[in-house]
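Note that the sequence shown covers residues 12 to 402 in my numbering. Ideal Cβ positions, reconstructed from N, Cα and C, are used throughout, including at glycine. As the structure is a prediction and not an experimental result, all values here were calculated from the model. What follows is a single structure, written as structure tokens, with notes after it.
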Amino acid sequence: MQKRNIRLKELGININKVYAPALEYLENCPRLNKNEVYEITTDNEGNQPSIFGNESNNKIFMIGDSSIECMYIRNSKKVHTVLEEILLKNGYDYEVKNLGTSGSQTLNIINLIINKLIDKTDSTVVVALPSNDEGPLLYEENYFSPHIYHATILPATERKVKRNTEINTEIYKRNLGLINAICNQLNLKLIFTSICYTTDAQHLKTINNIARDYCNINKIPFLDLEEEFQINSHFFYDKLHFLPEGSVFFAQKLFCFLKDQLIQNSTKNLELFKFNCSGMLEKNTIWSETISNINDRTKIKLVIDFDHLENTKTPALYAVDYFDIKTKVSLIKSENPDIGYYKYFSGQPHKRVEKVFNIEIPSDCKEIRVGIRKWDGKGIYIHNAFLSVLK
């Protein structure tokens with residue numbers, strides 16, 4: 012007897028991996044950079060955290076499909092990171108986590124909320140309605156078909172299943188109702204957004220209409236961006252997936268929609284310090300501003316968007332100046348006073364990538380500065396580099 016399982020759509024836990032679009036994917040998406048790869052990190056619950064390291068009792072979980080997952084966007088421009096940045100800079104202490112997963116649909120989201128958010132009472136849940144419901148809503152067996160990608164119960168191996176000609180509106184409204192009821196039961200604050208898509212897609216328009224009407228009748232907050240996405244196709248690299256400017260636009264709209272429902276009492280301060288460099292990195296250390304008044308809750312991240320120019324293992328390093336305090340950190344101590352404590356870093360040869368590094372802060376440290384420099388071979392080409400400092 013074959014054992015069956017309910018599919019839990021998630022990226023996976025404790026991931027730290029670099030993803031590269033397939034050549035065929037790039038051919039179909041000419042707006043994507045052809046030589047860029049993307050670093051993905053998840054925590055022990057399968058969330059993509061923001062780059063800032065914020066820890067807060069106030070949490071926002073973003074749930075959806077690949078439009079929200081933002082696989083092929085740099086971490087600093089992913090929608091959850093941009094939203095958290097806007098919140099922190101405007102006095103809202105919220106930790107924003109991304110549970111978006113490629114291929115997700117509303118029945119997967121029901122399972123995800125039950126299995127992952129049951130103990131997240133009082134959190135805000137943003138469900139960006141996925142485009143993937145279009146398939147199951149047209150199948151004769153809807154969400155319980157044996158379709159290899161859309162089945163809710165595994166194993167499933169079929170690539171073609173019997174279809175209807177019209178969307179099954181009732182089962183979709185049922186799923187929306189279940190999401191709402193579960194969130195109410197778990198005391199989660201629910202917000203729906205319209206499907207993120209551009210160009211003409213009649214079935215997706217129909218699904219948005221169903222959701223819009225359902226939320227209006229049941230007084231569920233609904234952020235409707237369908238019309239704005241239709242006239243801003245430059246926000247997307249295909250019909251469904253954001254470019255960085257689309258991700259930023261979505262996060263800004265979401266903040267404006269959410270802010271009156273959130274608590275604005277943060278004492279935290281987020282600042283971004285840009286390095287004064289771009290282009291080829293030279294073999295002299297370029298230092299950041301000195302960060303002063305460090306306390307026990309300070310979080311510092313180094314974010315570097317760069318090209319790894321040659322097939323070398325150690326093309327560059329970052330250095331940390333602790334201003335002569337005696338400290339124990341995992342970094343290497345250099346005899347060169349221009350470097351101090353350091354760590355080599357690299358990407359993939361001949362590829363562009365954005366990497367995020369956590370800067371260790373000893374308990375007795377009151378001020379710090381961070382530097383970057385070329386080390387081996389041609390080194391790296393800097394597109395953007397900055398420190399995020401959260402106090």
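In the three-state scheme derived from DSSP, where H, G and I count as helix and E and B as strand, Asn-186 is classed as helix. Rounded to the nearest whole angstrom, the CA to CA distance from Tyr-392 to Leu-292 is 6 Å.
Pairwise C-beta distances place the stretch 22-29 in contact with the stretch 42-58, as three or more of them are shorter than 8 Å. Look at Tyr-225 here: in three-state DSSP terms it is helix. Between the alpha carbons of Ala-327 and Glu-152 lies a distance of about 55 Å. Counting only unbroken stretches of 4 or more residues, the alpha helix (DSSP H) elements lying wholly within the stretch 69-101 are 77-80 and 90-100, in sequence order. Counted as a single uninterrupted DSSP element, the alpha helix (DSSP H) harbouring Lys-127 occupies residues 117-127.
Rounded to whole angstroms, Glu-80 and Glu-346 show a C-alpha spacing of 43 Å. Residues Ile-79, Val-90, His-91, Leu-94, Val-107, Lys-108, Asn-109, Leu-110, Gly-111, Val-137 and Ala-139 of the same chain have their beta carbon placed closer than 8 Å to that of Met-73, with the five preceding and five following residues left out of the count. Here the alpha carbons of Ile-302 and Glu-38 stand approximately 44 Å from one another.
Judged by their CB atoms, Ile-182 and Leu-148 are nearer to each other than the 8 Å cut-off. Taking the Cα of Asn-16 as reference, the smallest distance to any Cα among Phe-155, Glu-282 and Pro-373 is reached at Phe-155. Taken atom to atom, the span from the alpha-carbon of Leu-43 to that of Tyr-248 is near 6 Å. C-alpha of Ile-125 to C-alpha of Asn-68: approximately 20 Å in a straight line. A buried status is given to Val-367, since no fewer than 16 other beta-carbon atoms sit within 10 Å of its beta-carbon.
Less than 8 Å divides the Cβ of Lys-402 from the Cβ of Asn-306.
By the Cβ-count criterion, Val-29 is exposed, with fewer than 16 other Cβ atoms from all chains shown falling within 10 Å of its own Cβ. For the pair of segments examined, the stretch 98-107 was found to touch the stretch 60-67: the number of CB pairs separated by less than 8 Å reaches three. With a cutoff of 8 Å on beta-carbon distance, Tyr-225 and Leu-187 are scored as near each other.
Judged by DSSP in its simplified three-state form, Asn-369 adopts strand. Ala-262: member of the alpha helix (DSSP H) spanning 255-269, first to last residue. The beta carbon of Glu-237 is closer than 7 Å to those of Ser-205 and Asn-219 in its chain, skipping five residues each way along the sequence. Comparing C-alpha distances from Ala-396 to each of Cys-40, Asn-86, Lys-45 and Ile-71 shows the shortest one belongs to Asn-86.
In this structure, DSSP gives Ile-302 an extended state, which the three-state scheme calls strand.
Listed as beta-bridge partners of Gly-382 by DSSP are Trp-298 and Ala-330. Shown here, Gly-111 sits in coil according to DSSP, grouped into three states, outside any helix or strand. The continuous alpha helix (DSSP H) containing Asn-39 extends over residues 34-39. Here Leu-283 is bridged, per DSSP, to Ser-399. The residue among Gly-358, Phe-334 and Asn-46 with its C-alpha nearest the C-alpha of Pro-348 is Phe-334. Cβ atoms of Ile-297 and Gly-382 come within 8 Å of each other, at about 6 Å.
DSSP places Leu-201 in the uninterrupted beta strand (DSSP E) bounded by 200-204.
By the criterion of a C-beta distance shorter than 7 Å, Leu-197 is surrounded in its chain by Leu-128, Ile-129 and Thr-132, once the five residues flanking it on both sides are discounted.
Secondary structure at Asp-387: coil, using DSSP grouped into helix, strand and coil.
In this structure Cys-207 is not in contact with Leu-234, their Cβ atoms being roughly 11 Å apart against a cut-off of 8 Å. Sorting Ala-192, Ile-379 and His-394 by C-alpha distance to the C-alpha of Ile-121 places Ala-192 at the top.
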